[in-house]
Amino acid sequence: MPLIHVEEAFPFSPDGNEVVTVEVGEQEVSDRCALVAVEHLQVAWLVDGTAETDPLKMGVPALKDWLTAKGITFDAGANKKALQALVPKDD
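Residues in the sequence shown are numbered from 0 upward in steps of one, following numbering that gives the first Met the number 0.
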């Protein structure tokens, strides 16, 4: 799980049902949360800089989080190749 430095608190839903507030400071968060905070909301930065941002190079769990964050649906049992095929060509 990536470590991010949050500069501005933000709401996040880890499960799609409950919303939590990610507080200012260093936080260990899910890959999906880091993607939202760093790339979409731009309220945080990666502390260790090791989280992969290219969806075609991500592992299956991170890729599933990335697809979910983009609103792309997929079969929960899909393999990496099938998930990579869902990544839009412009990303």
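C-beta: ideal position from N, C-alpha, C; glycine also.
- Per DSSP, the continuous alpha helix (DSSP H) segment holding Gln83 begins and ends at 79-84.
- If you draw a 10 Å sphere on the C-beta of Pro54, you find 16 or more other C-beta atoms in it, and that means buried.
- In this structure the segment 61-71 does not touch the segment 17-27; the number of beta carbon pairs closer than 8 Å is below three.
- A residue is called buried once 16 or more other Cβ atoms fall within 10 Å of its Cβ, and Lys63 is buried on that count.
- In the DSSP assignment, Thr72 falls outside any beta strand (DSSP E), carrying neither H nor E.
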